[in-house]
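Notes follow the structure.
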Amino acid sequence: MKDTDIKKLLYAHLLCIFSIILSVLIPPLFLENFSILETHLTWLCICSGVVTAVNLVLYLVVKPNTSSKRSSLSHKVTRVLKCCIYFLMSCFIFHVIFVLYGAPLIELVLETFLFAVILSTFTTVPCLCLLGPRLKAWLRVFSRNGVTSIWENSLQITTISSLVGAWLGAFPIPLDWERPWQVWPISCTLGATFGYVAGLLISPLWIYWNRKQLSYKNN
Amino acid sequence: MRLGSGTFAACCVVIEVLGIAVFLRGFFPVPVRSSAGAEHRTEPPAPEPSAGSSSNWTKLPPPLFSKVVIVLIDALRDDFLFGSKGVKFMPYTTYLVEKGASHSFVAEAKPPTVTMPRIKALTTGSLPGFVDVVRNLNSPTLLEDNVIRQAKAAGKRMIFYGDETWVKLFPKHFVEYDGTTSFFVSDYTEVDNNVTRHLDKVLKREDWDMLILHYLGLDHIGHISGPSSPLIGHKLSEMDNILMKIHTSLLSQEREGLSPSLLVLCGDHGMSDTGSHGASSTGEVNTPLILISSAFERKPGDIRHPKRVQQTDLAATLAIGLSVPIPKDSVGSLIVPVIEGRPMRDQMRFLHLNTVQLSKLLQENVPSYEKDPGFEQFKVSEKLHGNWIKLYLEESHSEVLFNLGTKVLRQYLDALKTLSLALSTQVAQYDVYSMMVGTAVVLEVLTLLLLSIPQALRRQAKVDIPLSSPAFSLLFYLMFLVLSAIHIIVCTSAESSCYFCGLLWPVAGGVMVLMSALLCAIVSVLTKMFISKSLPSKNPAHPNSRWSELDLLIVFGTVGHVLSLGASSFVEEEHQTWYFLVNTLCLALSQELYRNCFLEDDGEPQHHFHMEPGIVDATPGLPYRTGCDVWEQDTVRERLSLSDMLRGREKWMALASPWLILACCRLLRSLNQTGVQWAHRPDFGHWLTSSDHKAELSILAALSLLVIFLLVQGGCSPVSRAALLLGLLGVYCYRVAIGNVLFPWQQDNRDIAKGIIEARFVYVFVLGILFTGTKDLLKSQVIATDFKIKTVGLWEIHSGLVLLAALLFRPHNLPVLAFSLLIQTVLTKFIWKPLRHDAAEITVMHYWFGQAFFYFQGNSNNIATVDISAGFVGLDTYVEIPAMFLTAFGTYAGPVLWASHLVHFLSSVSSDSALSHACFCYALICSIPVSTYIILVTSLRYHLFIWSVFSPKLLYEGMHLLITAAICVFFTAMDQASLTNS
Ligand SMILES: [Zn+2]
Ligand SMILES: [Zn+2]
């Protein structure tokens, strides 16, 4: 592991954060009445689209998975299709989990589903980019002592922090402050976004500070 | 002193219960009262003020009304009368309100909106303290000054029919009475017929001055089926007819030449949207108050917006109307429209009497009363009043007199309003010294528990407290002396009454001995800890002592829950916290399960990799891991790989099990909506209890009983299996008998019985199963051969409790019981056994699920959701002790059943020390919220919601701790049994 890797990671993450900030700042120039709270669903769509795009671009440019061997076009196509299916699956699974957590079953389905989409964008999309559609690798990365590169390490940190952010975002809902952002699922989506951004910021710094102790099996 | 950690924990919780009891006594003091109240001296009424030439009007003015009839309809909500229901079902009353000689108001009842405190408020005009809720079941005589007593002293003859509470509150006050008991909530026709049957006779007679009728039927209908039930309409029309009967009879008597009489129609409290009461939602506090008399002018009142008054205003108004002194503790102000028809001099006199009474009460309760704006206004108006009287007596120009008089009246009204507000917002004084003593005891116990975690959770499960060394006995005596000195100083200097000072000195001394002993114990444990820390070899960094994700979740969940109790919304919606935590727990378990299933063969990881640096790095600073640490330091976990334990289909079932549990929890959550913000949402519980869905309810109840039988019977002996079957059948028969569910061959309309025989039939089997269980336990102790007998015995006790809960639960809650058993079975089979969690983790999981099930049952942190009907299952009359026991068990069935499952599970799988570890953890995890909560409540005691939100929760916490103590004692008993065994 070299410092250049960490630098690369930091720049990639800064680009992601920048894209989220842009998703807030750019749309008001084109859309009337756009604001995060009032047209929340629009923002969710834009944000998840932008973050997915940035992740894909980063994956294609940086190519952290050096081990990937040349493969045929059909193989690539099936891989892409599989990724799409996985993404959809993760959206549905998140949706089911939200309902189990107490989200209304019939009302606000679109809101709940878009929350599932944005959370999948923050968690599943980077996983798919980095690890590909292999569940076993996912389980390995998300268990203790399982990571094998700084990319996987940062992936672990950002994913967990977005999940924790979404989890903590549910807490303001019962409070009787009557603020517009307490409405389901705004506080949760905001929590997830803040968690994701925090994870993006923390992970390079943390890896940098602990670079002495860290050594990975395959590097 | 060396104790087993289970015994130690049980002792700690018992002491904690004592501490909480002292705290509660200090927190809920007897409200501050007029000091003259106790002696019943009859003071002469205040004379009319006058400047210069003296007025000789010193007697009370003559009564305004010759007769008063009070019709109190329990739980009459304002929109039952002023809303569309009133127009539809109460045409006569609506006519009176709109066109008759009447005044109508919305009277605001202050929480707690429970019958007895409300009756007190109506008759004394004071605001009863929160303690009155607790005393509601056992009402003592009303000692405070009240209208009924004043009327009796003035020689009025009073007749009462209705709720027995009145007879208990005012013994020997009524010349004639017939009390009906309010405890059979399912009866809503008999209670009212018992009142109405006297009416014809009484209305013909003329030998009474005051008639009070308290109708309970409406309240019972509310409790059974809520405010939107069709039964409400019938009851309202019945009440309308009764009112018409009384009114016409009064009118005909007046035509015969008597002076006007007064008919009062009021409610004691309202009804929430679920039909219960006790809290402070708008439906519960708004009650109608209608005063009907031919003395009033006929004018079209605006029915849409009746004026708002306080419920406490009625006492003063009645006193004036009957020409008796206003009760001394009354904080109410006269309802002005009542006296509007009188001459101006009389009006002023009435207002003056009321103001004088209020300002006296203010003088007695507020030291700096002279600066109070209300008191100043009173002085000004009294002076103006005197001037007016002077002018009046000199017979001045009538125009001047009238203008000045209007001014005086306005002044008086302002003064009354300010005084009344100042008095009613005055918070009752807390008995801070008792609260401090209680808090000190509880905190000492908690500290001791926290400090002994590392000792108690070691393998041998012993706690060692070196109490006998001379240094500590010196410290002990010193502490005792200091505390006694403080006690004497506080008790001699404080002018306010203090409960702890009022105790007998041996009792107080005992508490002080306890406090100093606890303090010495803490000091000794701390010293020991420092000594052992300074020896380097004693505290090696354990190689395997890293926290799993589950442990982290448990710690953060506990801390988060405890902190959330500081916000009133989180207290109101505490169920959401628990559902959330339990869901997260299930997800964490499923993650652990999947990891163990798919990644078991990676071998030892070579590289240490800290995942959560902040937390792990922070902990070595502490001597041991504190908090609700659930780590067993000495046991090295050897988890077999999961695929060795489970094969094929079993494995897939194990993988699906967390999701099954999550789905069950989601279903249960939508069974009973509780809390405040989302309580009005439609839920299955209401759908099932509405009278249209009796068939569905019957099917569901029968299915749940079947599931309960199937899940419970496996562990029982054949005898208790048969008893269980019969008992569950009996439960269904009981529900059929009281009309909740149906037999398939039965018609819907059948009269309702009390089901006493059926319920007692079930009780016999409950006792039988419990007895068999105890017998098995004793046998296992004596014979000491087979530890299987003990497991069976514990399971039988568990199933006896399940049967009792099945009897007490309302039929729509039976699925809660069935799901609880299902979840217990699934967790045991697929998660706890294969994953081999340690005793501490399992205990905490049981506790969390128990808390979640407390709310799944439909409970909340609000007194109104306590299902008191559980206390009258199988009882003919109200018997206090069984009723209280049954209500408590019915309310806390969730936590109790999970605890009893815990005992059975641990003694069936486990090593020798598991039970005492579990007992220790259970005690710890229950006492952390309680002790934090009493500190929070003490600091929030002037919060706006202290009475409506925080105090009920405090009572719930106190009760929960009491039950925890009982559970811990049971644990210890089981543990002792296993110790003597081995
Ligand atoms: Zn009532
Ligand atoms: Zn009631």
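Protein sequence lines correspond, in order, to chains P and H. The UniProt record's numbering puts the first residue of the first sequence at 1, with every later residue one more than the last. The UniProt record's numbering puts the first residue of the second sequence at 1, with every later residue one more than the last. The C-beta atom is built at its ideal place from N, Cα and C for all residues, glycine as well.
Neighbourhood of residue i by C-beta distance below 6 Å, restricted to the same chain and skipping five residues each side
| i | result |
| --- | --- |
| residue 927/H | 16, 446 |
| residue 498/H | 431, 433 |
| residue 728/H | 705, 709 |
| residue 472/H | 520, 524 |
| residue 847/H | 925 |
Beta-bridge partners of residue i, as assigned by DSSP
| i | result |
| --- | --- |
| residue 310/H | 108/H |
| residue 464/H | 2/H |
| residue 262/H | 68/H |
Run of the alpha helix (DSSP H) containing residue i, from where it starts to where it stops
| i | result |
| --- | --- |
| residue 271/H | Element bounds for residue 271/H: n/a, residue is neither H nor E. |
| residue 850/H | 839–856 |
| residue 999/H | No answer is possible for residue 999/H: it lies beyond the span of chain H, which begins at 1 and ends at 982. |
| residue 445/H | 432–451 |
| residue 874/H | Here residue 874/H belongs to no alpha helix (DSSP H), and DSSP marks it neither H nor E. |
| residue 240/H | 230–255 |
| residue 832/H | Run containing residue 832/H: none; DSSP gives neither H nor E here. |
| residue 390/H | 373–393 |
| residue 193/H | 190–196 |
| residue 776/H | 756–783 |
| residue 90/H | Element bounds for residue 90/H: n/a, residue is neither H nor E. |
| residue 205/P | 186–209 |
Simplified DSSP assignment, three categories, for residue i
| i | result |
| --- | --- |
| residue 210/H | strand |
| residue 176/H | strand |
| residue 223/H | helix |
| residue 85/H | helix |
| residue 323/H | coil |
| residue 346/H | helix |
| residue 102/H | strand |
| residue 215/H | strand |
| residue 106/P | coil |
| residue 18/P | helix |
| residue 28/H | coil |
| residue 407/H | helix |
| residue 892/H | coil |
| residue 694/H | helix |
| residue 942/H | coil |
| residue 974/H | helix |
| residue 83/P | helix |
| residue 37/P | coil |
| residue 704/H | helix |
Run of the beta strand (DSSP E) containing residue i, from where it starts to where it stops
| i | result |
| --- | --- |
| residue 72/H | 68–73 |
| residue 286/H | 286–292 |
| residue 163/H | 158–163 |
| residue 328/H | That residue, residue 328/H, is in no beta strand (DSSP E); it is neither H nor E in DSSP. |
7 Å Cβ shell around residue i - same chain, five flanking residues per side excluded
| i | result |
| --- | --- |
| residue 862/H | 278, 279, 952 |
| residue 679/H | 274, 673 |
| residue 119/H | 165, 166, 169, 268 |
| residue 173/P | 182, 184, 187 |
| residue 611/H | Bear in mind that the predicted position of residue 611/H carries a pLDDT of just 36, short of 50, making it too unreliable to give a figure here. |
| residue 859/H | 674, 865, 891 |
Cut-off 8 Å between Cβ atoms - residues of its own chain near residue i, not counting five sequence neighbours on either side
| i | result |
| --- | --- |
| residue 201/H | none |
Would you list the residues whose beta-carbon is nearer than 7 Å to any heavy atom of ligand 1, in the order they occur in the chain? 74/H, 75/H, 114/H, 115/H, 118/H, 219/H, 268/H, 269/H, 277/H
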